[in-house]
Amino acid sequence: MKQDHSFVTGRLKSFKYAFAGAYKLITTEHSIMTQFSIGVLLTAAGFYFGISKTEWLFQTMSIGLVLSVEGLNTAVEKIADFIHPDFHKKIGFIKDIGAGAVFFAAIAALAIGLIIYVPIILAI
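Letter by letter, the sequence shown follows residues 3 to 126 of my numbering.
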């Protein structure tokens, strides 16, 4: 197979693979399905409550961060399971670290969500 060295077609292929990966994550991984659904609900809430441009920036970054870290964690888990399908203490440790990274991102996103929406809801 001849490698394509064109910048434009190379970027288009990269985008195609990235879109396929995002689709696989959203349609096959329950944790991503959950996080994606929460992101959609928060996006709808942002439109409904008319959040500010700055709040949109923080909310969008939070959703993107959580989905990205969750996707990377899934990739780490898949690689670990492929390399060592049976239980192994070190593989478990690696998976726990990945889950911890998702936890940090989710806590930061939760804090941002509370900062944005609690004052709006209390003002109603």
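Glycine residues also receive a C-beta, built at the ideal position from the N, C-alpha and C atoms.
All of these numbers come straight from a predicted model, not from anything done at the bench.
Cβ contact annotation for Val68 (same chain, cutoff 6 Å, sequence separation greater than five): Gln37, Ala107, Ala108, Ala111, in chain order. Gly115 is not a Cβ neighbour of Leu59, given a cutoff of 8 Å. Residue state for Ala125 is assigned as coil, using DSSP reduced to three classes.
Ranking Tyr50, Phe84, Ile65 by CA distance to the CA of Ile122 puts Tyr50 first.
For Val71, same chain residues with a beta-carbon under 7 Å away, outside a window of 5 residues either side, are Ala103, Val104, Ala107 in chain order. Check the Cα spacing between Ser33 and each of Glu79, Pro87, Tyr119, Ile117: the tightest is with Glu79. In this chain, His90 is not harboured by any alpha helix (DSSP H), its DSSP state being neither H nor E. In the DSSP assignment, His32 falls within the unbroken alpha helix (DSSP H) covering 32 to 51.
Ranking Ala82, Asp88, Pro87 by CA distance to the CA of Lys97 puts Ala82 first. CA-to-CA, the gap between His86 and Gly66 works out to about 30 Å.
Counting of Cβ neighbours within 10 angstroms places Leu27 among the buried residues, the total reaching 16 or more.
In this structure, Gln61 lies away from Ile126, with their beta-carbon atoms at least 8 Å apart.
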